[in-house]
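In what follows, a single structure is set out as structure tokens and then discussed.
Number of protein chains: 2
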Amino acid sequence: MRVAVMTAPGEVRVEDRAEPVIAEPTDAIVRLSATCICGSDLWPYRGIEALRKPRPMGHEYAGIVEEVGSAVTTVRPGQFVVGSFFASDNTCEICRAGYQTHCVNRQPAAPDGAQAERVRITLADGTLVPLPEVPPDDLVPSFLAASDVLGTGWFGAVAAEAGPGKTVAVVGDGAVGLLGVLAARELGAERIIAMSRHADRQKLADEFGATDIVTERGDEGVARIKDLTGGLGAHSVIEAVGTQESMLQAIRSTRAGGHVGFVGVAHEVTLPGMELFFSGVHLHGGPAPVRRFLPDLLDRIVSGRIDPGRVFDLELPLDEAAEGYRAMDERRAIKVLLRP
Amino acid sequence: MRVAVMTAPGEVRVEDRAEPVIAEPTDAIVRLSATCICGSDLWPYRGIEALRKPRPMGHEYAGIVEEVGSAVTTVRPGQFVVGSFFASDNTCEICRAGYQTHCVNRQPAAPDGAQAERVRITLADGTLVPLPEVPPDDLVPSFLAASDVLGTGWFGAVAAEAGPGKTVAVVGDGAVGLLGVLAARELGAERIIAMSRHADRQKLADEFGATDIVTERGDEGVARIKDLTGGLGAHSVIEAVGTQESMLQAIRSTRAGGHVGFVGVAHEVTLPGMELFFSGVHLHGGPAPVRRFLPDLLDRIVSGRIDPGRVFDLELPLDEAAEGYRAMDERRAIKVLLRP
């Protein structure tokens, strides 16, 4: 079958590889209805994250179960499933507390890559959430979004304690940040400030529920947020980039006692202790426990309440994955959906 | 009147200075029943925090109001009062949210020093909490503790979300850490692990409610906490030191989804972003909004439910402040009470 493989920074090829097979009794094989490229895939693409050997790419998936291992009891062939990028047993104490990405048995859900025609999913019972019926094609992008980018933006909003009466600011206008805007709206935030300087992303932020757009960044961006919040800063700030500048921008845009939800992978961040101490903010984030939110998110998609698939503004055949990476790297596309 | 003044690192003198006078209509003058030396006073004493000119010391106070400014309406001469080290208006949006140490009108409560016979307190209405009657002398140390060290330990426990069913670990066996143990017990924690290698402090931790003592620190300390918590880490960790080692020890001792409450002034701390990201902990702390907790804390002291004054294991006349600093610097005393 066809799989997208990163062979070196800036280089992605779609290769023929062996069909996935059940390796553990807890595995499932899923035929992908759609897959996609993640912002985090750009870290090794840009050489910021080490790539020691060719890597089959992709960790976002939605599709039809074809086969399950002998120990799998909660999903069966023929079901349409969505799962998180980290596999979890969903039974340990950490999972039960809602932190499935930190499950004591955590492992990559798609160790052989999900930018492919088929994918082997580990710990299928704990990881996959089946839909009651196979959804219509036009909903597939939204279900695919739930696998990571929606769940990550949602976690950012939950970690930032977005909710009624709150002013929420969102640092980062990538797909995660935009879906953070949507999540903040769904959680009932009163005011949602999207920080973006790109017209196409501003437009989507508007549609997802942003009430204000701030184009400044860094210190000027912080000053604008203060201006808009009576000098105090936002109650809740979602950090969806993962750089030193964006993290400090998020902390400095938050009022004392407020909450920063950080979901951008903090690759090049070191936080100064004294500044954090005197900021008085709450800080919470990390790899999103998407599994916690999936049942709720899938319900909202099925009911038509949310349409997170709109973040996919470029759709390509899987064989053109390389062009998808280029488009995201050059910011020509917000997020690229690949059709196997 | 007599005031303790730090003239250089390692040098404290008790000098004669002018009696304090009402400088602003919102001021009050308080005759101190007792005052004390704070762990944070040791930062300039040890030369870690800059001391540009001689500094009248002290920010913890309890005593009898002697005079109030014309704008003061909620306290009157003759009342016994306790207040926080930061003055706050207690009416702004930040104060109403419980973050009085970040009040938009925040200022030092005792700008001319509180290791003295009398102290000028700023923003008296928002800062001071009067007792219904003057308490007996034997309760004065506990009320004095409420001014900072109890309120700070309490905030550490609240920020760490100590509560029923929780295992709480406390990093730091100074007065704040020990009162963090007491706070965790009062908040209903199931298990409280005090990290201490000093027999006298272990004993007090026991009396305040510790269920376990861990003597290891650093990586070994983290390993012991993991051993005691089924490999997962504590639900709640109070960080009451403020060094890089203690902060990392606190984060690493906390399970994913758990809470770190950090109240040690983070002088020499830089947090690695990737470690924080993948830890999955909640981080909250900073200068404790003691004013939020004072009414409740004073009630608990009046009723005899808690006895936080026990952290004072050395009592000296104000004139012997220099010996008090030496005793705390050399860790011969946990916390020193000074009698004016």
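Chains as they are written, first to last, in the working numbering: chain Z, 1 to 340; chain Y, 341 to 680.
The beta carbon of each residue, even a glycine, is placed where N, CA and C say it ideally should be.
Anyone know if the C-beta pair for residue i and residue j falls short of 7 angstroms?
i	j	result
residue 118 of chain Z	residue 22 of chain Z	no
residue 106 of chain Z	residue 63 of chain Z	no
residue 36 of chain Z	residue 187 of chain Z	no
residue 280 of chain Z	residue 442 of chain Y	yes
residue 594 of chain Y	residue 613 of chain Y	no
residue 146 of chain Z	residue 51 of chain Z	no
residue 388 of chain Y	residue 256 of chain Z	no
residue 171 of chain Z	residue 180 of chain Z	no
residue 152 of chain Z	residue 288 of chain Z	yes
residue 235 of chain Z	residue 258 of chain Z	yes
residue 3 of chain Z	residue 113 of chain Z	yes
residue 75 of chain Z	residue 124 of chain Z	yes
residue 440 of chain Y	residue 428 of chain Y	yes
residue 426 of chain Y	residue 449 of chain Y	yes
residue 590 of chain Y	residue 577 of chain Y	yes
residue 382 of chain Y	residue 659 of chain Y	no
residue 579 of chain Y	residue 488 of chain Y	no
residue 611 of chain Y	residue 283 of chain Z	no
residue 661 of chain Y	residue 667 of chain Y	no
residue 677 of chain Y	residue 374 of chain Y	yes
residue 617 of chain Y	residue 183 of chain Z	no
residue 394 of chain Y	residue 460 of chain Y	no
residue 476 of chain Y	residue 421 of chain Y	no
residue 533 of chain Y	residue 552 of chain Y	yes
residue 231 of chain Z	residue 160 of chain Z	no
residue 648 of chain Y	residue 490 of chain Y	yes
residue 325 of chain Z	residue 134 of chain Z	no
For the alpha helix (DSSP H) containing residue i, name the first residue and the last one.
i	result
residue 633 of chain Y	630-642
residue 487 of chain Y	No alpha helix (DSSP H) contains residue 487 of chain Y, which DSSP labels as neither H nor E.
residue 544 of chain Y	539-548
residue 465 of chain Y	464-467
residue 433 of chain Y	433-436
Would you kindly report the start and end of the unbroken beta strand (DSSP E) that includes residue i?
i	result
residue 393 of chain Y	Note, residue 393 of chain Y: premise wrong, no beta strand (DSSP E); not H, not E.
residue 212 of chain Z	212-214
residue 663 of chain Y	No beta strand (DSSP E) contains residue 663 of chain Y, which is instead part of the alpha helix (DSSP H) from 661-669.
residue 4 of chain Z	2-8
residue 271 of chain Z	270-272
residue 679 of chain Y	675-679
residue 685 of chain Y	Here chain Y comprises residues numbered 341 to 680, so residue 685 of chain Y is not present and cannot be evaluated.
residue 657 of chain Y	652-657
residue 624 of chain Y	622-625
What is the DSSP secondary structure of residue i, counted as helix, strand or coil?
i	result
residue 380 of chain Y	helix
residue 401 of chain Y	strand
residue 597 of chain Y	strand
residue 175 of chain Z	helix
residue 15 of chain Z	strand
residue 79 of chain Z	coil
residue 107 of chain Z	strand
residue 116 of chain Z	strand
residue 579 of chain Y	strand
residue 217 of chain Z	coil
residue 166 of chain Z	coil
residue 726 of chain Y	Residue 726 of chain Y lies beyond the range of chain Y shown here (341 to 680); nothing can be said about it.
residue 591 of chain Y	helix
residue 565 of chain Y	helix
residue 30 of chain Z	strand
residue 134 of chain Z	coil
residue 412 of chain Y	coil
residue 585 of chain Y	helix
residue 425 of chain Y	coil
residue 526 of chain Y	helix
Compute the beta-carbon to beta-carbon distance between residue i and residue j, rounded to the nearest angstrom, for a pair I have assumed lies under 8 angstroms.
i	j	result
residue 210 of chain Z	residue 335 of chain Z	Contact flag wrong, Cβ pair sits at about 18 angstroms.
residue 417 of chain Y	residue 406 of chain Y	6 angstroms
residue 214 of chain Z	residue 224 of chain Z	5 angstroms
residue 83 of chain Z	residue 127 of chain Z	4 angstroms
residue 357 of chain Y	residue 341 of chain Y	6 angstroms
residue 462 of chain Y	residue 366 of chain Y	7 angstroms
residue 557 of chain Y	residue 535 of chain Y	7 angstroms
residue 548 of chain Y	residue 568 of chain Y	Not quite, the Cβ-Cβ distance comes to about 18 angstroms (not below 8 angstroms), so this is no contact.
residue 58 of chain Z	residue 24 of chain Z	No, residue 58 of chain Z and residue 24 of chain Z are not in contact; Cβ-Cβ is about 20 angstroms, not under 8 angstroms.
- Item | Given 8 angstroms, three or more beta-carbon pairs between the stretch 188-198 of chain Z and the stretch 164-171 of chain Z | yes
- Between the stretch 640-659 of chain Y and the stretch 475-495 of chain Y, do at least 3 Cβ pairs fall closer than 8 angstroms? yes
- Item | Where the stretch 607-619 of chain Y meets chain C: residues whose CB sits under 8 angstroms from a CB there | Among the protein chains in the structure shown, which are Z and Y, there is no chain C.
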